[in-house]
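So, in structure tokens, the structure goes:
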């Protein structure tokens with residue numbers, strides 16, 4: 001089989017997918033989102049990649065498409081209809097993209113399913129802070145609505161600091177999440193594939209004064225035994241399914257005093273190298289096996 005990973009090029013994650021895929025006789029390619037080309041005329045509509053027809057691939061995994069989502073949407077939907085090419089993570093380019101990848105959508109899904117998550121508010125500028133802040137207690141978390149890997153996330157101690165931080169972040173984001181601060185000793189990243197949890201790791205900050213536990217921000221990882229925390233496993237699987245996130249990194253935080261789990265984020269293009277490093281999970285192999293199952297079903 002031939003699999004294409006869109007948005008992954010020359011990194012350890014793609015190398016791992018290639019390694020496990022080639023062991024099973026598959027060809028695994030990665031590409032930049034900008035490498036898509038489309039030739040069109042009265043008698044042709046040909047999506048290509050570096051001069052090679054995209055219909056050569058049995059499966060296309062949209063790890064990320066960035067600002068080129070509509071061209072990728074058009075290309076892969078055409079291939080899916082014409083050749084039954086399997087598309088993974090199609091949610092990130094569908095016409096309801098903004099709905100399924102927004103913080104508001106995640107909160108609505110969690111609210112409707114009565115799932116636990118921190119009290120939150122979405123605002124678009126600092127002028128809206130006074131209208132939502134009444135029931136919050138400081139410190140608070142403020143973050144850009146679509147941030148990843150712990151970037152654009154801050155802890156603030158006052159209304160003035162909150163407003164100033166939003167004003168500062170307006171240069172890089174159109175919307176922001178204000179979230180209650182949950183006392184904790186780190187968080188848990190649950191990796192789900194096909195809406196099933198395969199492994200989890202506990203992430204803990206290592207730098208003094210740092211509240212973010214992301215591995216990319218210097219956090220320390222260790223294996224987290226999901227069999228001892230069935231509610232955490234169930235939460236991760238349920239929210240990945242509700243948000244249509246086939247391959248997900250679900251971040252869950254447990255209250256330091258009560259152990260109550262709270263859903264923080266659902267990441268549709270999760271990193272798994274840290275997970276493999278700190279646990280015994282072979283995430284790359286599980287992804288390849290998931291791809292195989294999808295192609296075999298088509």
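Residue numbers (full-length UniProt numbering): 1 to 298.
No residue lacks a Cβ here, since even glycine has one placed at the ideal position from N, Cα and C.
With three or more CB-CB distances shorter than 8 Å, the segment 185-202 counts as touching the segment 236-254. Pairing residue 227 with residue 44, the inter-Cα distance amounts to about 53 Å. In terms of CA proximity to residue 102, 244 leads the group 206, 244, 292. Around the C-beta of residue 119, fewer than 16 other C-beta atoms lie within 10 Å, and the residue is accordingly described as exposed. Between residue 12 and residue 287, the CB-CB gap reaches or exceeds 9 Å.
Taken atom to atom, the span from the alpha-carbon of residue 57 to that of residue 122 is near 40 Å. Under the three-pair Cβ rule at 8 Å, the segment 66-83 does not count as touching the segment 130-141. Bridge partners of residue 192 according to DSSP: 197, 248. Around residue 129, the same chain offers 123, 159, 162, 163, 166, 178 as residues with beta carbons nearer than 8 Å, after the five sequence neighbours per side are excluded.
Around the CB of residue 263, 16 or more other CB atoms lie within 10 Å, so the residue is classed as buried. Residue 88 sits in a strand when the DSSP states are folded into three classes. Under DSSP, residue 262 shares a beta bridge with 253. Taking a cut-off of 8 Å on C-beta distances, the segment 37-52 does not touch the segment 101-116, as fewer than three cross pairs fall below it.
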